[in-house]
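Colleague: Below is a structure I'd like to ask you about.
There are 4 protein chains.
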Amino acid sequence: MGVYTDLIREARELHPDIAGVSETETAEGQCRISRIAVETEEAARALDKPVGVYVTLESAALIDGLEPDMEDTVKALTGELSRLLPEKPAAKLLVVGLGNRNVTPDALGPRTADGVFVTRHIRAHLPEVAPEGMREVAVFQPGVLGTTGVETVEIIRGLVDTVQPDALLCIDALAARRAERIASSIQLNNSGIRPGSGIGNTRDGLTQHALGIPVVAMGVPLVVYASTVVADVVSALAERSDAEGAAALEPKIREIVDERYGPMIVTPKEIDTLLHRASALLSHSINRALHAGYYDEIHALCN
Amino acid sequence: MGVYTDLIREARELHPDIAGVSETETAEGQCRISRIAVETEEAARALDKPVGVYVTLESAALIDGLEPDMEDTVKALTGELSRLLPEKPAAKLLVVGLGNRNVTPDALGPRTADGVFVTRHIRAHLPEVAPEGMREVAVFQPGVLGTTGVETVEIIRGLVDTVQPDALLCIDALAARRAERIASSIQLNNSGIRPGSGIGNTRDGLTQHALGIPVVAMGVPLVVYASTVVADVVSALAERSDAEGAAALEPKIREIVDERYGPMIVTPKEIDTLLHRASALLSHSINRALHAGYYDEIHALCN
Amino acid sequence: MGVYTDLIREARELHPDIAGVSETETAEGQCRISRIAVETEEAARALDKPVGVYVTLESAALIDGLEPDMEDTVKALTGELSRLLPEKPAAKLLVVGLGNRNVTPDALGPRTADGVFVTRHIRAHLPEVAPEGMREVAVFQPGVLGTTGVETVEIIRGLVDTVQPDALLCIDALAARRAERIASSIQLNNSGIRPGSGIGNTRDGLTQHALGIPVVAMGVPLVVYASTVVADVVSALAERSDAEGAAALEPKIREIVDERYGPMIVTPKEIDTLLHRASALLSHSINRALHAGYYDEIHALCN
Amino acid sequence: MGVYTDLIREARELHPDIAGVSETETAEGQCRISRIAVETEEAARALDKPVGVYVTLESAALIDGLEPDMEDTVKALTGELSRLLPEKPAAKLLVVGLGNRNVTPDALGPRTADGVFVTRHIRAHLPEVAPEGMREVAVFQPGVLGTTGVETVEIIRGLVDTVQPDALLCIDALAARRAERIASSIQLNNSGIRPGSGIGNTRDGLTQHALGIPVVAMGVPLVVYASTVVADVVSALAERSDAEGAAALEPKIREIVDERYGPMIVTPKEIDTLLHRASALLSHSINRALHAGYYDEIHALCN
């Protein structure tokens, strides 16, 4: 009934008993890290998430902004991102900030991309300042279908042809099932991404299979779909009161919500602050992970 | 149960039978115009809207963007605004764009203010180009409490002292009760405004009584509160199915929604397009209304 | 001595007597139109402008903003643009806004692109609303080398491969030789463009020869290079006073300016207003030219 | 001959021998600190800078972005700012970001203000989270005359009445005489500010005398006036070649420049990067200075 989530942990909550999924948990200070592997196509279908590894970092840092927690989260995120990227030293990277810059809850990709250090041109144009062993990073904000007229997937395939990176890193805002998850976690995966899925459109995906290079996706939940909100309320209702009464009302509720709220999103009023924190955390961690050996030099050049 | 609306027409729907309210309807082409007068304090309390005149222009123009409808709406809005403003020729005006520019559904005030012609300084600084009979207009975007640390009402009171206008025109995004009302109407009133009320905070108001000058408020519904969405669904449910069953569930639903979605807003994904159209329509109509006799000259100077 | 101009008319002033150039002048109301054809490679080298047709529309509209002049300019620009584009009905177009959105005098391309109607996706995604005979237009803002790490020319070649348009339309801010030309004209040409040339970097170009499709470039002068300013002053000095004295000082002046002001630009303080007018004029004229037969319908869909 | 500078050090270079000025120099790591006291009205007139203390921090940090230098500069700036502000513990502060956000080289004030922590409302609205001893800071971006119609000085006087701070801190972009000074220093003073002076308009000032509270001004040179560029070149010319020849040409040059480049500014093409670094450095140092005892807590709340 209209429940949609981009979060692997929520998908698992909805289907706790399926086979073909393994999970481990660790922590980095205040930041809890869960690694879920979707191992079979059957599990992938059940969860509506492709086969691959999904890392979730949970931390109150994005919501309450507390500095020591934020540092734990940066450290954890830097580590996890390094692990998911190709082992090849100095692999060339294409970073893509997905989403619509002009809609605050959909602007995580572009805003993060603003802060990612661009280095691909430095060796050619400013060889004297290029740090030794510098990784080449190109960064794009491809826009959305409505602002370009072209499917984001098509554009990114073209960029991959042009830039010839060793791996692709995509950042996008995610949709959660439960409002309390908004801005409470960061999700990374190596199974690719379907741009636009986060805002309700399902189009072809960006995967290692399709592009021939590893694809890492990274995001933070910033919205819930209106349809999901109502489904969530009905489901909570069933738990707290007359489950049968709630079940009987379900088809009617679905009809009303689809009619009235189908294409709408739910987001906190203070979404600008959450976006600011989330994009700063992501771009900082990306820069740390990509330029580990010479961070200070590249910070001076690119910041 | 958490239903909130800034729209007088929705307030009336919820309380159709109260006394002390009169209404007339007219049309300008495709644009329907309703004028509702809240005439008694009792009616004001029942509707949660201060005594005054509320004009609502309904038009599909903002949603479907069709040009002839848009022209009708501009014409109607220009006329209604002129009627609400002081009759004194060339009255000095302070225009204030309320809301948070960084949250798309709350940015109507600032974005409209961007397009309003600023003329207060022209006579003093560029007397040779000032059109004869030019009205002096000052424009501000006071920000929100979170970005300034000062209540918007305090700031505007200070600006009124500084600028000494004959009237105040405030623009703000509005909250509707029903999603279908989003971007479907423009509301004007002469009863003042409580900045922040549109995003769930009620603070002291800007009224003729408080400021000593006429206050006209203008807005377009661009959000629904999450709590209102669920209330709306429950109420529709009662109409379509077992009213008693729905009523019995109401207290539980209220509890769940307050817990989880209290401070959230619901808005269409294409809010950037709606905001663009609404702010262009408002600023254009304001400029037409304020500078009727010499529009072309002032357009050349200020656009 | 450091004089650089993107304007064909200024290039001609500097080399008035070369062969292989023809010019005609017409007018549309207050807007004067000059068409200069650079006909031989020799003329192209002398003028530092590739072989092709250059149309210059001169009008005070952008500077003084007067409405009737603005209408003449829109009409003239719409006509000239239509003439330069492929005659094939409904040819598919890729529109590219060049330059750096974050540097006001370099933001003409991105700001114009913001206002160009995007239609390429409409037939596939919303066939029921697509006007009959609708031209498919895709729009990009590729950023600059410093924000992407990739040469703009490379990106656009990739986009042309992806989008497969029948023609390319590029918009970019131009550099003038004389400050008085800033915002006083619009230049169109069919000889391609070298992105970055307008800000002092010469890189490979976007031409029909390189891309296999017609390329139309469009721009407005918004800056003068600092080095050009001083050269201009020295040249005016020679006219007004002791020509020999000025000539003798020239090498010294060149040395001083190169040392101190090499990479700097000169721009009016009110560049934000000029940018606003120029980008609105360009995007409006582009939309008029590209969607002549069904402008109202597409305006409703896309604005 | 059209030489204008906001920098006390450049003003002194032009008038090295006047009495009533004292200077001391210190350093904080790579950051050199000069303190110049303009002690008499006569010196103030000669230098065109009001009586007061001017602190200049010179550092390559803003230009080359090197991290250890940046830290030295933050430390020095934090210290100097603390020294200039009232000694009263937890004095209430009004921070004002002057200038035009839409013109990149004039956007230092607004962009710095974006990053200053706003705390004035916390004690009243969120008392449970307010750090003990928290200083109340209100922040405004008053716009410019062209966007409001009101002199910035009038607006700020009104804000001071409304907010009742113990001191005023103003941030504004500065004009230098020499291009090499752009982004190479930060200037602080306690003698007030004339908003708009940095872009060529002289209006009434914001001073302790006028407002009754201490006023600290803070800025970074980001432009040179076009007229100053030419004057600078002529003056360098006189040093390097025939001084008499240069002197003879001076009146002609002045005439030409005034005619053609009077109201123009000169700025580096990479002004977006310089602005980004300068505003981040200023806002970070302001936050450090204002909330010394509880920086981590307030960072979590406000960032």
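Chains as they are written, first to last, in the working numbering: chain Z, 1 to 303; chain X, 1001 to 1303; chain F, 2001 to 2303; chain S, 3001 to 3303.
Glycine included, each C-beta is placed from N, C-alpha and C at the ideal position.
As the structure is a prediction and not an experimental result, all values here were calculated from the model.
Is it true that the CB of Val-2053 of chain F sits closer than 8 Å to the CB of Ala-2027 of chain F?
Modeller: No, they are not a contact pair.
Colleague: Touch check for the region 1114-1122 of chain X and the region 3133-3149 of chain S: three-plus C-beta pairs under 8 Å?
Modeller: Cβ pair count under 8 Å is three or more, so yes.
Colleague: Can you give me the Cβ contacts of Gly-2200 of chain F inside the same chain, cut-off strictly under 7 Å, excluding the 5 residues immediately before and after it?
Modeller: Residue confidence is low: Gly-2200 of chain F scores 41 on pLDDT, short of 50, so the model does not pin down where it sits. No coordinate-derived value is stated.
Colleague: What residue from Z:Val-3, Z:Phe-117 and Z:Gln-141 has the CA that sits closest to Ala-130 of chain Z's CA?
Modeller: Looking at the Cα atoms, Z:Phe-117 is the closest of the given residues.
Colleague: How far does the alpha helix (DSSP H) with Asn-3287 of chain S in it reach, from first residue to last?
Modeller: Run containing Asn-3287 of chain S: 3271-3290, per the alpha helix (DSSP H) assignment.
Colleague: So, is Lys-1092 of chain X buried or exposed, given that buried needs 16 or more other C-beta atoms within 10 angstroms?
Modeller: Lys-1092 of chain X comes out buried.
Colleague: Starting from the beta carbon of Val-2376 of chain F, find every residue of chain S whose beta carbon is closer than 9 Å, and list them in chain order.
Modeller: Outside the displayed span of chain F (2001 to 2303) sits residue 2376 of chain F, for which this structure offers no information.
Colleague: Assign Ala-1173 of chain X to one of two classes, buried (16 or more other C-beta atoms within 10 Å of its C-beta) or exposed (fewer than that).
Modeller: Label assigned to Ala-1173 of chain X: buried.
Colleague: Go ahead and pull the three-state DSSP assignment for Asp-48 of chain Z.
Modeller: DSSP places Asp-48 of chain Z in coil when its eight states are reduced to three.
Colleague: Skipping 5 residues on each side, what residues in its chain have a beta carbon closer than 7 Å to that of Gln-1208 of chain X?
Modeller: Hits under 7 Å: Gly-1192, Pro-1214 and Val-1215.
Colleague: Any beta carbon of chain F sitting closer than 8 Å to that of Thr-119 of chain Z?
Modeller: So, interface residue.
Colleague: Please check the pair Arg-181 of chain Z and Asp-232 of chain Z, which I expect to be a contact at CB under 8 Å, by giving their CB distance rounded to whole angstroms.
Modeller: Rounded, the Cβ-Cβ distance is 11 Å, inconsistent with contact.
Colleague: Ile-271 of chain Z and Thr-104 of chain Z look like a contact to me (Cβ under 8 Å); what is the Cβ gap, rounded to whole Å?
Modeller: Between Thr-104 of chain Z and Ile-271 of chain Z the Cβ distance is about 5 Å, and since that is below 8 Å, they are a contact.
Colleague: In terms of DSSP beta bridges, what is Leu-3188 of chain S paired with?
Modeller: Looking at the DSSP assignment, Leu-3188 of chain S forms a beta bridge with S:Val-3055 and S:Met-3218.
Colleague: At a Cβ cut of 7 Å, what residues of the region 47-76 of chain Z count as close to chain S, listed as they run along the chain?
Modeller: Cβ contacts with chain S: Asp-64, Gly-65, Leu-66 and Glu-67.
Colleague: How should Arg-1240 of chain X be labelled, buried or exposed, when 16 other C-beta atoms within 10 angstroms of its C-beta is the threshold for buried?
Modeller: By the 10 Å Cβ count, Arg-1240 of chain X comes out exposed.
Colleague: So Val-137 of chain Z contacts chain F; which residues on that side make the cut at Cβ distance below 9 Å?
Modeller: Near Val-137 of chain Z (Cβ distances below 9 Å), the residues of chain F are Gly-2149.
Colleague: The beta strand (DSSP E) with Gly-1146 of chain X in it runs from where to where?
Modeller: Segment 1145-1148 is the alpha helix (DSSP H) holding Gly-1146 of chain X; no beta strand (DSSP E) there.
Colleague: So, for Gly-1115 of chain X: in the same chain, excluding its five sequence neighbours on each side, which residues have a beta-carbon less than 6 Å away from its beta-carbon?
Modeller: Closer than 6 Å at Cβ, skipping near neighbours: Ser-1283.
Colleague: For a contact meaning CB atoms closer than 9 Å, what does Asp-2161 of chain F contact in chain Z?
Modeller: Here the neighbours are Gly-158, Asp-161 and Thr-162.
Colleague: Quick one: using the 10 Å Cβ neighbour count with 16 as the cut-off for buried, is Ala-3289 of chain S buried or exposed?
Modeller: Buried: at least 16 other Cβ atoms inside 10 Å.
Colleague: Name the chain Z residues that come within less than 7 Å of Ala-3248 of chain S, Cβ to Cβ?
Modeller: The contacting residues do not exist; Ala-3248 of chain S stays about 43 Å from chain Z at best.
Colleague: What is the residue span of the beta strand (DSSP E) that Ile-3265 of chain S lies within?
Modeller: It spans 3264-3268 - the beta strand (DSSP E) in which Ile-3265 of chain S sits, taken as one unbroken run.
Colleague: Where do the ends of the beta strand (DSSP E) carrying Thr-2024 of chain F lie?
Modeller: From DSSP, the beta strand (DSSP E) with Thr-2024 of chain F extends over 2021-2028.
Colleague: Would you say Glu-2013 of chain F reaches chain S, if we count a Cβ-Cβ gap shorter than 8 Å as a contact?
Modeller: Not an interface residue.
Colleague: Where does Tyr-4 of chain Z sit, in a helix, a strand or coil, going by DSSP?
Modeller: Looking at Tyr-4 of chain Z - three-state DSSP - the assignment turns out to be coil, as it is neither helix nor strand.
Colleague: Using a Cβ cut-off of 9 Å, which residues of the region 3269-3283 of chain S contact any Cβ in chain Z, in chain order?
Modeller: Under the 9 Å Cβ criterion, the region 3269-3283 of chain S contributes Thr-3273, His-3276, Arg-3277 and Ala-3280.
Colleague: Under 8 Å between beta-carbons, which chain X residues line up against Glu-180 of chain Z? List them in chain order, please.
Modeller: Here the neighbours are Arg-1260.
Colleague: Helix, strand or coil for Ile-3199 of chain S per DSSP?
Modeller: Only weak support exists for where Ile-3199 of chain S lies, its pLDDT of 40 falling under 50; the coordinates are left without a value.
Colleague: Strictly under 8 Å for the Cβ-Cβ distance: is Ala-3300 of chain S near chain Z by that measure?
Modeller: Yes, Ala-3300 of chain S counts as interfacial toward chain Z.
Colleague: Alpha carbons only, please: which of F:Glu-2297, F:Ala-2076, F:His-2291 and F:Gly-2143 is nearest the one belonging to Ile-2171 of chain F?
Modeller: Closest option to Ile-2171 of chain F, Cα to Cα, is F:Gly-2143.
Colleague: Among Z:Glu-41, Z:Leu-47 and Z:Arg-9, which residue has its Cα nearest to the Cα of Leu-57 of chain Z?
Modeller: Ranking the options by Cα distance to Leu-57 of chain Z, first place goes to Z:Arg-9.
Colleague: Would you say Val-3096 of chain S reaches chain F, if we count a Cβ-Cβ gap shorter than 8 Å as a contact?
Modeller: For Val-3096 of chain S, the answer is no, since every Cβ of chain F falls outside 8 Å of its Cβ.
Colleague: Taking Val-104 of chain Z as the query, report the chain X residues whose CB atoms sit under 7 Å from its CB, ordered along the chain.
Modeller: The question names Val, yet the displayed sequence has Thr at residue 104 of chain Z. Here the neighbours are Asn-1102, Val-1103 and Thr-1104.
Colleague: In whole angstroms, what separates the C-alpha of Val-3139 of chain S from that of Asp-3017 of chain S?
Modeller: Going by the C-alpha atoms only, they are around 40 Å apart.
Colleague: Roughly how many whole angstroms lie between the Cα atoms of Arg-1012 of chain X and Arg-260 of chain Z?
Modeller: Going by the C-alpha atoms only, they are around 21 Å apart.
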